[in-house]
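Enquirer: Pasting a structure below so you can have a look.
In this note's numbering, the protein residues as written are 57 to 805.
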């Protein structure tokens with residue numbers, strides 16, 4: 057009902073709020089004027105002031121921040137109403153102040169203690185009644201001061217009359233300011249109309265002219281029915297009707313209350329106070345009953361919800377039998393698990409049989425003899441009934457409806473109510489035979505899986521041994537083939553002629569490819585088995601990078617590809633095997649040289665990342681790697697789909713070996729690639745000193761053929777007839793890294 061002002065932080069009423077304030081003003085004026093005019097002659101206050109209830113209700117609806125607006129309107133409207141009723145201005149101002157103070161006190165306390173939620177608990181009702189009493193007391197005190205200062209009336213009689221009339225009015229109107237109850241009333245609309253009409257007609261009859269019998273209590277049965285069957289707002293509305301009829305009749309001199317006051321000679325204000333006290337007491341009684349009914353209905357709803365939830369949980373255990381009995385053993389709960397286990401329909405068992413129906417007779421007799429009881433069911437629950445055990449777990453044999461015997465593990469416990477009084481027993485049983493069969497099957501499956509894993513490991517080891525053995529057997533003759541083919545070209549080149557030399561050179565090329573494949577297989581096998589150990593010595597990565605670039609530079613020039621080397625000025629020393637690291641870089645560079653198009657570019661960059669590591673980056677502008685292959689690019693024998701389609705040579709072992717060697721050096725290898733844009737491989741190496749590792753022993757290649765080849769090569773080198781490098785370079789000096797022409801370092805990076 058409020059919104060922020062466009063020019064300040066103050067809240068101003070919305071259109072709906074303005075309508076509510078207008079209704080409040082008109083209501084206070086009309087109701088106040090009528091109350092003053094209906095006041096008995098010679099009295100200073102009205103018998104009932106319904107405008108107070110309306111003002112407090114609107115104040116509560118406006119909330120704490122809008123309450124001042126309701127208070128201002130209440131004060132102005134009260135001044136108008138009192139002036140229209142003919143009261144003096146000084147009395148009018150004080151009476152209006154009393155009404156306004158009541159609105160501020162009552163609405164503030166209700167909003168603080170209860171809020172605007174419906175009165176559904178005794179605590180909420182107590183807060184409303186306490187706030188109403190304090191507000192009505194404040195109004196009565198100010199009104200008493202006004203009467204004492206400006207009239208000759210009794211301040212005590214005034215305070216009592218104003219307090220009771222305002223308390224009754226606010227108590228009847230406040231339910232309309234609170235939120236509606238969410239639960240639908242049990243009374244239908246016709247019942248509401250009939251009870252309301254009955255209350256109105258009965259009130260008219262009880263307060264009719266010349267009716268002086270004190271039988272006002274006849275209203276209570278209908279009010280009680282209203283409290284049990286209808287909503288709080290309906291109860292309040294019917295009380296407003298009753299109070300209106302009774303107040304008007306009493307003001308006109310009708311009914312038993314006016315008759316009693318006339319006979320006793322007490323002040324006329326007391327008649328109104330007595331009537332409003334009666335109405336307020338009736339309202340409090342009706343509200344208490346209504347709250348009690350609502351609390352009971354909520355408790356029943358919660359209990360029903362809990363019962364349905366528990367039933368769903370019980371029925372959701374199809375393999376567990378849950379059986380509950382009363383103290384005599386009669387079955388009261390027989391869940392779906394019990395039906396599945398025993399084969400008895402629940403409707404044939406619940407309320408008709410005890411668990412003796414399906415427990416093996418001989419076990420019940422034996423158990424009864426053991427615990428010293430006679431009844432079969434008592435043998436099952438004796439230890440928990442007597443309190444010897446809180447729960448008793450033991451195995452029993454159940455006999456199903458089909459006569460099948462099943463071994464179950466059953467836990468029996470006692471069920472108590474909230475006061476600790478025993479109500480019955482609960483048995484939870486599981487078919488242990490099925491469980492044990494499942495456990496045996498699981499153990500067998502695990503044993504089979506373990507045996508299969510052992511066979512797979514043995515097969516993998518056999519495969520690795522086979523690959524290693526075959527590779528060794530192939531390496532030696534292939535080296536001999538290459539050596540003899542070179543000797544054939546060198547010594548018998550004239551005999552071969554122009555047609556024979558290309559054939560021998562093709563033999564050499566294919567032999568080198570096969571030797572490289574064998575070498576890769578051997579290296580991979582040794583890496584997987586852990587038998588490959590690396591040298592662990594300090595070396596300059598920059599030197600290894602220069603050497604690798606020198607090896608690939610001729611191939612790059614032949615393919616019209618730019619190959620640039622970028623080195624840092626600071627040291628690039630790491631611990632490891634320089635020959636294996638050179639192999640890593642040559643592998644990465646050779647892959648890069650294979651695929652870039654003409655006029656492509658390859659950059660090999662060495663840089664320090666921080667004090668403890670450095671980074672080697674190989675970037676090319678080649679065909680790139682498809683995104684689907686990036687996760688598998690370091691898997692052995694895997695080749696990217698676009699490489700396979702281009703029919704490029706390769707086995708898919710190179711990158712797997714590279715990653716394994718890098719890992720042996722304590723480093724990491726990553727790749728980024730974009731199809732048709734190129735790839736970037738980043739090698740990160742630690743510069744910290746690691747423990748010493750044993751040097752790798754050279755593979756034995758000492759055969760008669762190899763000795764013959766080496767002898768012939770040595771003779772040619774001694775005679776000066778062998779000038780170009782041969783396929784045996786590296787075999788002649790196995791402990792020294794290959795020497796290559798050093799490339800020029802690229803300027804810039």
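The beta-carbon is built from N, C-alpha and C at its ideal position, and this holds for glycine as well. Remember, it's a predicted structure, so these values are computed and weren't measured experimentally.
Going by DSSP in three states, residue 730 sits in which element: helix, strand or coil?
Expert: Strand, per DSSP.
Enquirer: What do you get for residue 438, buried or exposed, if any count of 16 or more other CB atoms within 10 angstroms of its CB means buried?
Expert: By the Cβ neighbour-count rule, residue 438 is buried, with 16 or more other Cβ atoms within 10 Å of its own.
Enquirer: Counting Cβ pairs, one atom from each stretch, are 3 or more of them under 8 angstroms apart for the segment 160–174 and the segment 334–341?
Expert: no
Enquirer: In the DSSP output, what is residue 360 paired with across the bridge?
Expert: DSSP, once it has assigned bridges, lists no residue as partnering residue 360.
Enquirer: Based on the DSSP output, what are the partners of residue 454 in its beta bridges?
Expert: 415 and 462
Enquirer: Tell me the DSSP bridge mates of residue 736?
Expert: 675 and 728.
Enquirer: Using DSSP with H/G/I as helix, E/B as strand and the rest coil, what is residue 378?
Expert: strand
Enquirer: Might you give, ordered along the chain, the residues of its own chain that have their beta carbon closer than 6 angstroms to the beta carbon of residue 285, omitting 5 neighbours on each side?
Expert: 242 and 243
Enquirer: Compute the Euclidean distance between the alpha carbons of residue 75 and residue 304, then round it to the nearest angstrom.
Expert: The alpha-carbon atoms of residue 75 and residue 304 are separated by roughly 29 angstroms.
Enquirer: Going by CA-CA distance only, name the one from 136, 625 and 709 that's closest to residue 691.
Expert: 709
Enquirer: Helix, strand or coil: which one does DSSP assign to residue 266?
Expert: Reduced to three states, the DSSP call for residue 266 is coil.
Enquirer: If distances are taken between C-alpha atoms only, which option among 102, 465 and 476 comes closest to residue 485?
Expert: 465
Enquirer: How many whole angstroms separate the CB atoms of residue 455 and residue 461, which I take to be in contact at a CB cut-off of 8 angstroms?
Expert: About 6 angstroms; that satisfies the 8 angstroms criterion.
Enquirer: Could you tell me if the beta carbon of residue 130 falls within a distance shorter than 7 angstroms of some heavy atom in the ligand FMN?
Expert: Ligands in the displayed structure: none, and consequently the ligand FMN is not present.
Enquirer: Below 8 angstroms between beta carbons: does that hold for residue 176 and residue 129?
Expert: no
Enquirer: Return the CA-CA distance between residue 124 and residue 361, expressed in angstroms with no decimal places.
Expert: 44 angstroms
Enquirer: Could you give the distance in angstroms between the alpha-carbon of residue 750 and the alpha-carbon of residue 593?
Expert: Note on residue 750: pLDDT 44, under 50, position unreliable in the model; no value is reported.
Enquirer: Using the Cβ count rule (16 or more neighbours within 10 Å means buried), how would you classify residue 746?
Expert: With a pLDDT of 41 at residue 746, under the threshold of 50, the modelled position of this residue cannot be trusted; read the value that follows with caution. Counting Cβ neighbours within 10 Å, residue 746 comes out exposed, since fewer than 16 surround it.
Enquirer: May I have the straight-line CA-CA distance separating residue 616 from residue 603, to the nearest angstrom?
Expert: Residue 616 and residue 603: Cα-Cα distance of roughly 20 angstroms.
Enquirer: Give the secondary structure of residue 208 by DSSP, where H, G and I count as helix, E and B as strand, and everything else as coil.
Expert: Assigned with DSSP and collapsed to three states, residue 208 falls in coil, not helix or strand.
Enquirer: In the DSSP output, what is residue 664 paired with across the bridge?
Expert: Paired residues: 670.
Enquirer: With distances taken from CA atoms, which of 730, 732, 683 and 739 is nearest residue 722?
Expert: Taking only the C-alpha atoms, the option nearest residue 722 is 739.
Enquirer: Check whether chain C comes within 8 angstroms of residue 605, counting only Cβ atoms and requiring the distance to be less than that.
Expert: Among the protein chains of the structure shown there is no chain C, as only one such chain exists.
Enquirer: Answer yes or no: do residue 107 and residue 83 have a C-beta to C-beta separation smaller than 8 angstroms?
Expert: yes
Enquirer: Beta carbon of residue 674, beta carbon of residue 645: below 8 angstroms?
Expert: yes
Enquirer: Apart from the five residues on each side of it in sequence, which residues of its chain come closer than 8 angstroms, Cβ to Cβ, to residue 756?
Expert: Only weak support is given to the placement of residue 756: the predicted model assigns it a pLDDT of 46, under 50, and the value that follows is read from those uncertain coordinates. No residues qualify anywhere along the chain.
Enquirer: Quick check on DSSP: helix, strand or coil for residue 70?
Expert: coil
Enquirer: With residue 629 as the anchor, note down where its alpha helix (DSSP H) starts and where it stops.
Expert: Taken as a continuous stretch (DSSP letters only), residue 629 belongs to no alpha helix (DSSP H), being part of the beta strand (DSSP E) at 629–632.
Enquirer: Who are the Cβ neighbours of residue 608 in its own chain at under 7 angstroms, not counting the five residues just before and after it?
Expert: 619, 642, 645, 646 and 649
Enquirer: Per DSSP, residue 387 forms a beta bridge with which residues?
Expert: 381
Enquirer: The alpha helix (DSSP H) with residue 277 in it runs from where to where?
Expert: 276–285
Enquirer: Take the Cβ of residue 52 as the centre, count every other Cβ of all protein chains shown within 10 Å, and call the residue buried at 16 or more, exposed below.
Expert: The displayed coordinates of the chain run from 57 to 805. Any statement about residue 52 would go beyond what the structure contains.
Enquirer: Can you check which of these residues, 325, 457 and 96, is closest to residue 210 by C-alpha distance?
Expert: 325
Enquirer: Exposed or buried, what is residue 496 when buried is set at 16 or more other beta-carbons lying within 10 Å of its beta-carbon?
Expert: exposed
Enquirer: In whole angstroms, give me the CA-to-CA distance for residue 635 and residue 718.
Expert: 12 angstroms
Enquirer: Got a sec? Which residues, its chain only, sit under 7 angstroms from residue 104 by beta carbon, not counting five neighbours each side?
Expert: 91, 221, 224, 225, 299, 303, 328 and 332
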